[in-house]
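Residue numbers (my numbering): -14 to 112.
Everything on this sheet refers to the single structure shown next.
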Amino acid sequence: MDTQLTEGLGEAVDDLTYPVLSGLARTGTCSAADLGREIGLDRTTVTRRADRLEQAGLLQRQPDPADGRATLLALTEQGRNLVSVTRQRLAAGIESSLATWPQADARAFARQLRRFVDESPFAAERH
């Protein structure tokens, strides 16, 4: 991941912790195990990274209403805002990269990228 994406967003946010934030923005509130499956990390790794993000006020732990022994991860308002900022940075970077392409090529690329995201073996299963 490009460090410019997370530059200036605090010590807790880097190329290791950002996937936890971004994944949680996609999934909504979920367990560390479920989030790990979404982002390709084991539960222990997600938990360690979530600790840093919780200390920074970007996510919070909540009791699981379906299982009193379990804990769910949820973005805080600050965490949602940070994900929004990084997504805007990413979009701006992509737009800048494509600015020199002929418009038809850029449109074709966007269509094919959407297809890849939706149909590839890497596409996340939607719950």
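Built from N, CA and C at the ideal position, the CB exists for glycine as well.
- [ ] Pair every Cβ in the region 91 to 98 with every Cβ in the region 41 to 55, then say whether three or more of these pairs are closer than 8 Å.
- [x] No, they do not touch.
Task: Continuous beta strand (DSSP E) stretch holding Leu(-6): start and end - done: Working through the sequence shown from its first residue, we reach residue -6 at position 9. First-last for Leu(-6): undefined, no H or E at that position.
TODO: Could you spell out where the alpha helix (DSSP H) holding Asp19 opens and where it closes?
DONE: For the purposes of this step, residue 19 is taken as the residue at position 34 of the sequence shown. Looking at the DSSP string, the run of the alpha helix (DSSP H) that includes Asp19 is 17 to 24.
TODO: Have a look at Ala10 and Asp90 and give me their C-alpha separation to the nearest angstrom.
DONE: To locate residue 10, count along the sequence shown from 1; it is residue 25. To locate residue 90, count along the sequence shown from 1; it is residue 105. Their Cα atoms are separated by approximately 30 Å.
TODO: Provide the residue span of the alpha helix (DSSP H) that contains Pro4, from first to last.
DONE: In the sequence shown, the residue the question calls residue 4 occupies position 19. Element bounds for Pro4: 3 to 12.
Open item on the list: Let me confirm a value: Ala76 is counted as buried when at least 16 other C-beta atoms fall within 10 Å, else exposed. Which label applies?
Closed with: In the sequence shown, the residue the question calls residue 76 occupies position 91. Result: exposed.
Open item on the list: Please classify Ala17 as buried or exposed, where buried requires at least 16 neighbouring CB atoms within 10 angstroms.
Closed with: Position 32 of the sequence shown, counted from the start, is the residue given in the question as residue 17. So Ala17 ends up on the buried side.
Task: Neighbourhood of Arg37 by C-beta distance below 8 Å, restricted to the same chain and skipping five residues each side - done: Translated into positions along the sequence shown, residue 37 becomes position 52. Ala(-3), Thr2.
Task: Buried or exposed by the 16-neighbour rule on C-beta atoms within 10 Å, applied to Gly8 - done: Mapped onto the sequence shown, residue 8 falls at position 23. So Gly8 counts as buried.
Open item on the list: With H, G and I counted as helix, E and B as strand and the rest as coil, what does DSSP make of Gly64?
Closed with: As a working note, residue 64 is residue 79 in the sequence shown. DSSP places Gly64 in helix when its eight states are reduced to three.
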